[in-house]
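Heads up: the sequence shown begins at 8 in the working numbering, then just goes up one per residue.
Notes follow once the structure below has been shown.
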Amino acid sequence: MLSFKTVTAAVALSALAAGCSGGGSETSDTGPGPAEAASPPVESGPPAADDVATLDGVAYASLTGDAAAGKSAFMQCRTCHVTDPGMNRTGPSLAGIVGHKAGSVSGFRYTEANANSGIIWTEEKLFQFLEKPQRVIPKTKMIFAGMPDAQKRADVIAYLKNPN
Ligand code: HEC
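Okay, here's the thing in structure tokens:
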């Protein structure tokens, strides 16, 4: 990466100039070392449709969802969604949502942001989305801050795979 090399060189130069109070001022906002410069804390738009990385760093595969617990956790969703096929409320029916293309429940009026997201609702993508929906689809009209608890997200997904 060019920027990494440039910053690394600049940091090396400023190290040479250590002790000189004016030296290295051009690197003052790049952090103390190459490790930080390599991963700038800049949020640049939503993750790609096939990017399933979470903010909390938890891997979906490391968890086992409990559908019964998920049914209770789904109470948070139930003000806007049901799992009965064809029953759209404030949000679309979530019957069969796992594995389906985003924006494809018939009869529901989606935002373009949701409809054109290019997302397939794999379990991993749902896991990422439910953590903070507005990060994954910035212009969604789903007014829900998210579920920071990774286990609860896995539970809800287990429930959505086989709602009852
Ligand atoms: C305040 C209402 C509200 C709540 C609460 C809510 N949603 Fe939504 N949800 C929506 C709306 C509205 C949309 C459609 C978004 C759009 O078109 O931009 C949506 C979209 C979705 C989608 C995408 C559906 C598709 O077909 O692409 C999923 C998945 C989803 N919600 C899951 C959930 C889950 C799971 C919960 C609970 C953890 C939840 N939502 C809580 C209103 C809500």
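Ideal Cβ positions, reconstructed from N, Cα and C, are used throughout, including at glycine.
For this session: Go through its chain and collect everything with a Cβ distance to A80's Cβ below 7 Å, but skip five positions before and after it.
Result: Taking the sequence shown and counting its residues from 1, the one referred to as residue 80 is at position 73. Around A80: K159, D162, V163.
Exercise. Would the C-beta of M154 count as close to ligand 1, meaning under 7 Å from any of its heavy atoms?
Worked result: Indexing the sequence shown from 1 puts residue 154 at position 147. Because some heavy atom of ligand 1 lies under 7 Å away, the Cβ of M154 counts as near it: yes.
For this session: Tell me I150's beta-bridge partners as DSSP assigns them.
Result: For the purposes of this step, residue 150 is taken as the residue at position 143 of the sequence shown. According to DSSP, I150 shares a beta bridge with no other residue.
For this session: Count the CB pairs spanning the region 120 to 127 and the region 94 to 111 that are closer than 8 Å, and state whether there are at least three.
Result: They touch, by the three-pair rule.
Exercise. Can A76 and T90 be called in contact, C-beta distance under 8 Å?
Worked result: Here residue 76 refers to the residue found at position 69 of the sequence shown. Here residue 90 refers to the residue found at position 83 of the sequence shown. Not closer than 8 Å, so no.
Problem set entry | Paired residues, beta bridge with I127 - DSSP | Residue mapping note: residue 127 aligns to position 120 of the sequence shown, counting from 1. For I127, which the question treats as bridged, DSSP gives the partners K108.
Exercise. How is C87 classed by DSSP in three states: helix, strand or coil?
Worked result: In the sequence shown, the residue the question calls residue 87 occupies position 80. Three-state DSSP puts C87 in coil, outside helix and strand.
Problem set entry | For P145 and Y67, the rounded distance between their alpha carbons | Position 60 of the sequence shown, counting from 1, holds the residue named residue 67. Position 138 of the sequence shown, counting from 1, holds the residue named residue 145. Rounded to the nearest whole angstrom, the C-alpha separation of Y67 and P145 is 22 Å.
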